[in-house]
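Asker: From first to last, the protein sequence lines stand for chains G and H.
Be aware that the first sequence starts at 1, since it is given in full-length UniProt numbering, and climbs by one per residue.
Be aware that the second sequence starts at 1, since it is given in full-length UniProt numbering, and climbs by one per residue.
Glycine included, C-beta positions come from ideal geometry on N, C-alpha and C.
2 protein chains.
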Amino acid sequence: MRMSEGVEWAMHTCLNLTWLPTGQAVPAAKLAAFYRLPAAYLNKQLQALARAGVVSSTPGPRGGFQLARTPEKITLLDIVVAIEGPEEAFRCDELLKRGPGADPKTDYRQACLVSRAMRRADLAWRRELAGQTLADLKADVEQEYPASPGNTVNRFTALRA
Amino acid sequence: MRMSEGVEWAMHTCLNLTWLPTGQAVPAAKLAAFYRLPAAYLNKQLQALARAGVVSSTPGPRGGFQLARTPEKITLLDIVVAIEGPEEAFRCDELLKRGPGADPKTDYRQACLVSRAMRRADLAWRRELAGQTLADLKADVEQEYPASPGNTVNRFTALRA
DNA sequence: GACACTCTACTCGGATAGTGATTGTCCGAGTCAGAAAGG
DNA sequence: CCTTTCTGACTCGGACAATCACTATCCGAGTAGAGTGTC
């Protein structure tokens with residue numbers, strides 16, 4: 001049950017975007033160069049974020065990606081779901097359908113208590129992720145590492161040269 | 001981030017074991033036949049459960065698997081960890097090590113606030129799973145589906161023929 | 001009749017292929033910016 | 001000098017391989033029990 005590494009990339013990239021001036025698109029190549037990541041593959045993750053409505057993309061010169069909403073309205077769950085997809089971690093193949101006394105009409109995803117217990121855990125996980133916005137994360141970083149935002153912006157302007 | 005289907009198999013198999021007489025080993029072939037699963041592959045999952053100390057295995061005739069402890073002392077987290085491994089879902093590759101101003105001596109798994117936020121969610125998930133024991137699940141099933149335990153035992157004795 | 005030995009059948013256990021998702025890369029469609037030409 | 005057109009480079013977007021984990025299977029090591037021969 002390993003999460004895609006794209007989630008980590010997307011998290012840090014979205015966080016970086018919160019510090020860059022709004023209304024200005026940043027191309028995937030520069031976002032990738034920041035962490036020396038393969039640009040084409042990061043682009044793929046950014047596409048997923050764009051499809052999910054987390055970032056907006058503009059093609060052409062001076063184009064790139066930017067946050068589609070204010071950081072207050074982007075939760076960590078939004079980012080994870082954009083990359084990993086909406087389906088829950090536990091996969092219920094309705095094993096009970098193959099057991100004795102199975103009713104083909106029953107939806108065992110709802111009836112099976114194992115499935116329900118796993119879903120409870122899944123919801124707890126999602127609740128925790130949905131409770132933190134990108135703005136919260138940004139504020140935490142600014143408090144704990146005050147130099148970080150400045151360094152980030154400087155590095156990006158340097159890449160702009 | 002799809003969980004292995006072995007988790008579902010392990011959950012239902014362990015639950016079935018709670019209803020069968022204690023002190024009596026059940027071979028993997030019978031546990032598999034209950035849900036018409038591939039016996040060799042379920043055996044693999046049971047091996048993982050045995051390595052984790054959730055079930056105990058005895059070879060030879062009249063051998064098989066049985067719960068290693070009472071259901072009260074087996075949490076759902078124990079089963080999930082046995083199959084999926086102990087590492088957390090979010091994979092922190094310490095991206096910040098590749099960013100500007102990175103300190104090679106810093107453990108970014110602890111310092112990175114993204115990593116910490118994801119770990120919080122992971123812990124919430126684990127807490128929920130650790131809060132439910134196999135005995136709880138068994139009791140819930142017996143209350144909601146009183147016929148289920150009897151059906152299970154009957155089916156197993158039928159397979160014994 | 002009891003005991004010891006052998007032999008067989010049964011079980012787990014790890015080593016071994018097959019398959020699908022994830023990872024990584026590439027090139028084409030579309031678009032904006034800037035230069036150049038004309039008024 | 002301003003406007004319009006054209007060109008060109010830049011960007012995303014989806015289509016195309018490579019790699020890895022998961023899925024599935026098989027056969028060998030070990031064991032308990034039944035059967036047989038002996039005392």
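#1: Helix, strand or coil: how does DSSP classify T22 (chain G) here?
#2: Do we get a CB-CB distance below 9 Å when we pair S4 (chain G) with the residues of chain H?
#3: Taking a cut of 7 Å between CB atoms, which residues from the region 87-117 of chain G lie near chain H?
#4: State the DSSP-derived secondary structure class of residue 163 (chain H), mapped to helix, strand or coil.
#5: Name, going along the chain, the residues of the region 128-143 of chain G whose beta-carbon falls closer than 8 Å to a beta-carbon of chain H.
#6: Identify the contact partners of L49 (chain G) in chain H, using a Cβ-Cβ distance below 8 Å as the criterion.
#7: Note down, in chain order, every chain G residue with its Cβ under 9 Å from the Cβ of L76 (chain H).
#8: In whole angstroms, what is the alpha-carbon distance linking A111 (chain H) and G60 (chain G)?
#9: How is G63 (chain G) classed by DSSP in three states: helix, strand or coil?
#10: As a quick exercise: from H:E8, H:A130, H:S4, pick the residue whose alpha carbon is nearest that of E72 (chain H).
#11: Can you tell me which residues form a DSSP beta bridge with T133 (chain G)?
#12: So that I know if they touch, is there some Cβ in chain H lying closer than 9 Å to that of G31 (chain G)?
#13: Kindly indicate which three-state DSSP category G6 (chain G) falls into: helix, strand or coil?
#14: Applying the 10 Å Cβ sphere with the 16-neighbour rule, what's the burial state of K138 (chain G)?
#15: Consider the Cβ of F65 (chain G): report whether some Cβ of chain H lies at a distance smaller than 9 Å.
#16: What residues from chain G crowd round V26 (chain H), counting only those whose CB sits closer than 9 Å?
#17: Taking CB distances under 9 Å as the criterion, tell me whether V55 (chain H) reaches chain G.
#18: Specify, as a first and last residue, the run of the alpha helix (DSSP H) that F34 (chain G) falls within.
#19: Write down the C-beta distance between Q66 (chain G) and V55 (chain G) rounded to the nearest angstrom, noting that I regard them as a contact closer than 8 Å.
#20: Just to confirm, are S75 (chain H) and Q143 (chain H) a CB contact at a threshold of 9 Å?
#21: Counting along the chain, where does the alpha helix (DSSP H) carrying A102 (chain G) start and finish?
#22: Which chain G residues are close to A124 (chain H), counting only those with a beta carbon under 8 Å from its beta carbon?
Answerer: Once the coordinates are examined:
#1: Along the first sequence, read from residue 1 onward, the residue named residue 22 (chain G) stands at position 22. Assignment of T22 (chain G) by DSSP, reduced to helix, strand and coil, places it in the coil class.
#2: Along the first sequence, one-based indexing puts residue 4 (chain G) at 4. Output row for S4 (chain G): interface = yes.
#3: Residues are counted here when their Cβ sits less than 7 Å from a Cβ of chain H; for the region 87-117 of chain G these are A89, F90, R91, C92, D93, L95, R98, G99, P100, G101, L113, V114, A117, given in chain order.
#4: Because chain H in this structure spans residues 1 to 161, residue 163 (chain H) falls outside the shown range and cannot be described.
#5: Along the region 128-143 of chain G, the positions whose C-beta sits under 8 Å from a C-beta of chain H are E128, L129, Q132, L137, D140, V141, read in chain order.
#6: Position 49 of the first sequence, counted from the first residue, corresponds to residue 49 (chain G). Per Cβ cutoff of 8 Å: no residues; L49 (chain G) is ~15 Å from chain H at best.
#7: Taking the second sequence and counting its residues from 1, one reaches residue 76 (chain H) at position 76. Those are V114, A117, M118, A121, listed as they occur along chain G.
#8: The residue given as residue 111 (chain H) occupies position 111 in the second sequence. The residue given as residue 60 (chain G) occupies position 60 in the first sequence. In this structure, the CA atom of A111 (chain H) is about 38 Å from the CA atom of G60 (chain G).
#9: Against the first sequence, residue 63 (chain G) aligns to sequence position 63. Of the three classes helix, strand and coil, the one that applies to G63 (chain G) here is coil, per DSSP.
#10: Here the question's residue 72 (chain H) lines up with position 72 in the second sequence. Of the listed residues, the one whose Cα sits closest to E72 (chain H) is H:A130.
#11: Taking the first sequence and counting its residues from 1, one reaches residue 133 (chain G) at position 133. Paired residue(s): G:T75.
#12: Locating residue 31 (chain G) in the first sequence gives position 31, counting from the first residue. Reading off the sequence, residue 31 (chain G) comes out as Leu, not Gly. Any Cβ of chain H closer than 9 Å to the Cβ of L31 (chain G) would place that residue at the interface, and such an atom is absent.
#13: Indexing the first sequence from 1 puts residue 6 (chain G) at position 6. In this structure, G6 (chain G) counts as helix in the three-state DSSP scheme.
#14: Your numbering for residue 138 (chain G) matches position 138 in the first sequence. Burial call: buried.
#15: For the purposes of this step, residue 65 (chain G) is identified with residue 65 of the first sequence, where counting begins at 1. Judged by the 9 Å Cβ criterion, F65 (chain G) is not in contact with chain H.
#16: One-based indexing of the second sequence puts residue 26 (chain H) at position 26. Proximity of chain G to V26 (chain H) at the Cβ level (cut-off 9 Å) is not reached, the minimal Cβ distance being about 15 Å.
#17: Within the second sequence, numbered from 1, the residue matching residue 55 (chain H) stands at position 55. No, its Cβ sits nowhere closer than 9 Å to a Cβ of chain G.
#18: As a working note, residue 34 (chain G) is residue 34 in the first sequence. Taken as a continuous stretch (DSSP letters only), the alpha helix (DSSP H) holding F34 (chain G) covers 28-34.
#19: Counting from one through the first sequence, the residue named residue 66 (chain G) turns up at place 66. Counting from one through the first sequence, the residue named residue 55 (chain G) turns up at place 55. That pair is a contact at about 6 Å.
#20: Taking the second sequence and counting its residues from 1, the one referred to as residue 75 (chain H) is at position 75. Taking the second sequence and counting its residues from 1, the one referred to as residue 143 (chain H) is at position 143. It is worth fixing the name first, because residue 75 (chain H) is Thr in this sequence and not Ser. Q143 (chain H) sits away from T75 (chain H), with the two beta carbons spaced by 9 Å or more.
#21: As a position in the first sequence, residue 102 (chain G) is number 102, starting the count at 1. Per DSSP, A102 (chain G) belongs to no alpha helix (DSSP H) and is neither H nor E.
#22: Here residue 124 (chain H) is taken as the residue at index 124 of the second sequence, counted from 1. The answer, in chain order, is A124, W125, R127, E128.
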